[in-house]
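Notes follow the structure.
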Amino acid sequence: MKIIALDLGDVWTGTALSDSLKILAKPYKTIKTIEVLNFLKELFAKEMIETMVIGYPQTMKGTESLQTKKVLEQKELIAKTFPDIKIILWDERLSSKTARTIQGKNARTQKENEHSIAAAVILQTYLQFLS
């Protein structure tokens, strides 16, 4: 069984998958946020996934923001659509900054990949917490 992570944004959503041993996170795909439910339906049909980690955006002070509310709304919709999948909200502060650092100087040409790399950063921190 694998774990998927989502870095939900207004327009784009990054995804990442763990290996079956739940040790390593790998960027998967960046998709349009409006296509998340269809993407997940197709993914769950071909991958054995038991848990979903959703990046939980907060301000650096740990308070909620407008984006936090949007993510919580998306999480509820996903939970209703896929009731058998365990969903965990995970602190995503600095994940996008870390993704840009990982990408290096060519980040401008790889903007779309930034979202899936951010999802992998979120997932890897969760996997480290589990071990």
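Anchor point for the sequence shown: position 5 equals 162 in this note's numbering, and the numbering is continuous, going up by one each time. Beta carbons are placed, not taken as given, at the ideal position from N, Cα and C, and that holds for glycine. Values in this document were obtained by computation on a predicted structure and should not be read as measured data.
Unbroken alpha helix (DSSP H) run spanning LEU234, endpoints:
Against the sequence shown, residue 234 aligns to sequence position 77. LEU234 -> alpha helix (DSSP H) spans 223 to 238.
Tell me the residue span of the alpha helix (DSSP H) that contains VAL210.
For this step, residue 210 is matched to residue 53 along the sequence shown. Not the alpha helix (DSSP H): VAL210 falls in the beta strand (DSSP E), residues 206 to 213.
Take ILE177 and list the residues in its own chain whose beta-carbon comes closer than 8 Å to its own, dropping the five residues that flank it on each side.
The residue given as residue 177 occupies position 20 in the sequence shown. Note that residue 177 is Ser in the sequence shown here, rather than Ile. MET158, LYS159 and MET205, listed in sequence order.
With a CB to CB cut of under 6 Å and the five nearest residues on each side skipped, what residues in its chain are close to LYS243?
Looking up residue 243 in the sequence shown gives position 86. The residues are THR208.
Does the region 271 to 288 come close enough to the region 168 to 185 that 3 or more CB-CB pairs lie under 8 Å?
yes
Residue burial classification, LEU287 (beta-carbon count within 10 angstroms, cutoff 16):
Working through the sequence shown from its first residue, we reach residue 287 at position 130. That one is exposed.
To which residues of the same chain is LYS227 closer than 8 Å at the C-beta, ignoring the five residues directly before and after it?
As a working note, residue 227 is residue 70 in the sequence shown. The residues are LEU165 and ASP167.
8 Å Cβ cutoff met for LEU163 and ILE211:
Looking up residue 163 in the sequence shown gives position 6. Looking up residue 211 in the sequence shown gives position 54. Going by C-beta atoms, LEU163 is nearer than 8 Å to ILE211.
What first and last residue would you give for the beta strand (DSSP E) that runs through LEU174?
Looking up residue 174 in the sequence shown gives position 17. Taken as a continuous stretch (DSSP letters only), the beta strand (DSSP E) holding LEU174 covers 169 to 175.
Looking only at its chain, what residues have a beta carbon closer than 7 Å to the beta carbon of TYR185, apart from the 5 residues adjacent to it on each side?
Locating residue 185 in the sequence shown gives position 28, counting from the first residue. The beta carbon of TYR185 sits closer than 7 Å to those of THR172, ALA173, LEU174 and SER273, all from its chain and outside the five residues before and after it, given in chain order.
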